[in-house]
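Residues in the sequence shown are numbered consecutively from 153, following the numbering used here. To start, the structure under review is shown below, and the notes come after it.
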Amino acid sequence: MDRMSEYPQLIEGILTEYIELCNRSPNPSFESFLIADKVNHHYIWMNLGWEKGDRINEMTVYIRIRDGKFWIEEDWTEEGIANELIRLGVPKQDIVLAFQEPKMRQHTEFAWT
Numbered sequence: 153m154d155r156m157s158e159y160p161q162l163i164e165g166i167l168t169e170y171i172e173l174c175n176r177s178p179n180p181s182f183e184s185f186l187i188a189d190k191v192n193h194h195y196i197w198m199n200l201g202w203e204k205g206d207r208i209n210e211m212t213v214y215i216r217i218r219d220g221k222f223w224i225e226e227d228w229t230e231e232g233i234a235n236e237l238i239r240l241g242v243p244k245q246d247i248v249l250a251f252q253e254p255k256m257r258q259h260t261e262f263a264w265t
């Protein structure tokens, strides 16, 4: 697998599926969408709008591709984006759980840096 050509497509596909699923039964007061910086390899699933008088401004998932690895900076999905990537054949050493403190990453099955 050529990481730098296939990895962006993988993450865009995963996030697009999640967002489409959310939008199937849309809440008219907020919107879910993908922000993709394809040059710098940043991918964000964002929710914006209003619910019960409160402003919704949430980042559900933020992933960047850095040094040939997926850096999962934020992940509020139920199953976890890392598990989706593994199911698609991405090796655990190419996934960094960056939302965890660096000294704690060594205790996971995934890459530290």
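Yeah, the Cβ is synthetic: ideal placement off N, Cα and C, and Gly gets one too.
Residues Pro160 of the same chain have their beta carbon placed closer than 7 Å to that of Lys190, with the five preceding and five following residues left out of the count.
About 7 Å separates the beta carbon of Val242 from that of Phe222, a gap short enough to meet the 8 Å contact definition. The beta carbon of Phe182 is closer than 8 Å to those of Asn199, Leu200, Gly201, Trp202, Glu203, Ile208 in its chain, skipping five residues each way along the sequence. Taking the CA atoms as reference points, Ala250 sits about 19 Å from Ile187. Ile171 is the residue among Ile238, Ile171, Thr260 whose C-alpha sits nearest the C-alpha of Thr212. Boundaries of the beta strand (DSSP E) around Thr212: 206-218. Sequence-distant partners of Glu225 (beyond 5 residues in either direction) whose C-beta falls short of 7 Å from its own C-beta, in its chain, are Tyr214, Ile215, Arg216, Ala250, Phe251.
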